[in-house]
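Worksheet: the structure to be examined is printed underneath.
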Amino acid sequence: EAGVVQSPRYKIIEKKQPVAFWCNPISGHNTLYWYLQNLGQGPELLIRYENEEAVDDSQLPKDRFSAERLKGVDSTLKIQPAELGDSAVYLCASSLGGNAYEQYFGPGTRLTVT
Amino acid sequence: GNSVTQMEGPVTLSEEAFLTINCTYTATGYPSLFWYVQYPGEGLQLLLKATKADDKGSNKGFEATYRKETTSFHLEKGSVQVSDSAVYFCAPPGGTGGFKTIFGAGTRLFVKA
Numbered sequence: 009e010a011g012v013v014q015s016p017r018y019k020i021i022e023k024k025q026p027v028a029f030w031c032n033p034i035s036g037h038n039t040l041y042w043y044l045q046n047l048g049q050g051p052e053l054l055i056r057y058e059n060e061e062a063v064d065d066s067q068l069p070k071d072r073f074s075a076e077r078l079k080g081v082d083s084t085l086k087i088q089p090a091e092l093g094d095s096a097v098y099l100c101a102s103s104l105g106g107n108a109y110e111q112y113f114g115p116g117t118r119l120t121v122t
Numbered sequence: 273g274n275s276v277t278q279m280e281g282p283v284t285l286s287e288e289a290f291l292t293i294n295c296t297y298t299a300t301g302y303p304s305l306f307w308y309v310q311y312p313g314e315g316l317q318l319l320l321k322a323t324k325a326d327d328k329g330s331n332k333g334f335e336a337t338y339r340k341e342t343t344s345f346h347l348e349k350g351s352v353q354v355s356d357s358a359v360y361f362c363a364p365p366g367g368t369g370g371f372k373t374i375f376g377a378g379t380r381l382f383v384k385a
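Taken in order, these protein sequences are the chains called A and B.
When you line the first sequence up against the working numbering, it's residues 9 to 122, in that order.
When you line the second sequence up against the working numbering, it's residues 273 to 385, in that order.
Below is the structure:
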């Protein structure tokens with residue numbers, strides 16, 4: 009069974025440019041998460057989806073970040089415009105949801121903003 | 273609100289030493305609890321879990337028992353190896369049960385040969 013797929017794996021952009029990350033969760037996983045992970049820190053939740061509904065986006069900086077999961081399967085996270093401080097690893101995870109189920113993480117996208 | 277707290281690192285041990293990483297929780301009811309591990313340069317992966325009180329999760333020689341009396345889920349291993357060097361995260365369910373934060377900073381473990 010394929011795991012969580014993310015692309016691209018690496019991205020280097022100049023500040024003020026837009027960037028998008030894509031995630032395809034494990035088949036059948038209704039819950040999808042986007043996290044940001046800075047070096048030496050734990051993942052910080054940006055947004056959580058239950059199917060196509062964003063049920064927790066309280067930590068998403070909505071002035072520049074947006075996300076969508078239109079058909080309740082794959083998802084896109086966008087930053088526009090990017091700032092130097094956005095340099096980090098962006099992780100996608102999926103889960104069957106609910107209390108008992110663990111999250112499965114993708115390999116992440118390492119973003120460098122210059 | 274509900275929360276999970278784990279000991280800060282880094283933890284440095286010699287090979288074959290005993291490992292304990294403390295994790296305690298505050299919650300209404302008994303949520304599932306998870307230990308995740310992140311090896312250098314890799315993504316997070318589940319190490320073990322316990323879905324109810326008094327459960328013991330185990331994997332790769334690591335164990336953790338969900339103890340409701342002490343509201344704890346400490347991670348233990350009897351004899352660590354260099355290959356266990358990683359960052360370990362104690363975590364609640366992802367977004368359910370009233371937990372605002374899923375992952376803290378984790379505990380970094382260094383094992384010396």
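Idealized CB from N, CA, C, for every residue including glycine.
Using a Cβ cut-off of 7 angstroms, pull out every chain C residue sitting near residue i, in sequence order please.
i      : result
T323/B : The chain labelled as chain C is not found among the protein chains of the depicted structure, namely A and B.
Among the options, which has the Cα closest to the Cα of residue i?
i      : options                           : result
P303/B : A377/B, Y338/B, S351/B and G333/B : Y338/B
L319/B : C295/B, N294/B, L347/B and G301/B : L347/B
L47/A  : A96/A, I21/A and R72/A            : A96/A
G273/B : E314/B, G315/B, D327/B and F371/B : F371/B
G80/A  : K19/A, P33/A and G11/A            : P33/A
R17/A  : L285/B, E314/B, S351/B and T284/B : E314/B
A289/B : V359/B, Q353/B, A377/B and G367/B : Q353/B
In the DSSP assignment, find the unbroken beta strand (DSSP E) run with residue i in it and report its ends.
i     : result
N32/A : V27 to N32
Y2/A  : There is simply no residue 2/A to check, as chain A begins at 9 and stops at 122 in what is shown.
Taking 8 angstroms as the CB-CB limit, is residue i close to chain B?
i      : result
R118/A : no
S15/A  : no
F29/A  : no
Q25/A  : no
Q33/A  : Checking the displayed sequence, the identity of residue 33/A turns out to be Pro instead of Gln. Answer no: the Cβ-Cβ gap between P33/A and chain B never drops below 8 angstroms.
Any beta-carbon of chain A closer than 8 angstroms to the one on residue i?
i      : result
L316/B : yes
F334/B : no
G378/B : yes
P282/B : no
P303/B : yes
F306/B : yes
Let me know the beta strand (DSSP E) ranges lying completely inside the stretch 307-344 of chain B, each 3 residues or longer, listed in chain order. 316-322, 328-331 and 334-337
Which residues, taken in chain order from the stretch 66-88 of chain A, show a beta carbon closer than 9 angstroms to some beta carbon of chain B? S66
Members of the stretch 45-67 of chain A that neighbour chain B once the beta carbon cut-off is set at 9 angstroms: Q45, G48, Q49, G50, P51, E52, L53, R56, E58, V63, D64 and S66
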